[in-house]
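Residue numbers (my numbering): 117 to 227.
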């Protein structure tokens, strides 16, 4: 399980060990958080990320449905390229901030 932009993601497919966390973090954009899946493919040592929706998602156009990902790979990616697919999970709740007094007491105890 990995975390990007306050969402958990699960690696669904990792063809030819394409997933590289550092490269994903460097290329990730907030706009990808709206998609149910993220496809990452490698070509000429460059990582490209593209979002896909579940097939039944109301915003999904034909070419953004996850069922068309193989067509996308054949049409737009280098033959046999390494790729991975991430599936978005639940949103991670923000950590609750502690009251100042509690934080100071803990700081003194740890010191």
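Quick reminder that beta carbons are idealized off the backbone N, C-alpha and C, glycines included.
In the structure shown, residue 147 falls within a helical segment according to DSSP collapsed to helix, strand and coil. In this structure the stretch 133–148 lies against the stretch 161–174, because at least three pairs of beta carbons, one per stretch, are closer than 8 Å. Look at residue 182 here: in three-state DSSP terms it is helix. Within 10 angstroms of the beta-carbon of residue 132 lie fewer than 16 other beta-carbons, which makes it exposed. In this structure, residue 127 sits away from residue 189, with a CB-CB distance that is not shorter than 8 Å.
With at least 16 other beta carbons inside 10 angstroms of its own, residue 152 counts as buried.
Residue 196 sits exposed, since fewer than 16 C-beta atoms from the chains shown fall within 10 Å of its C-beta.
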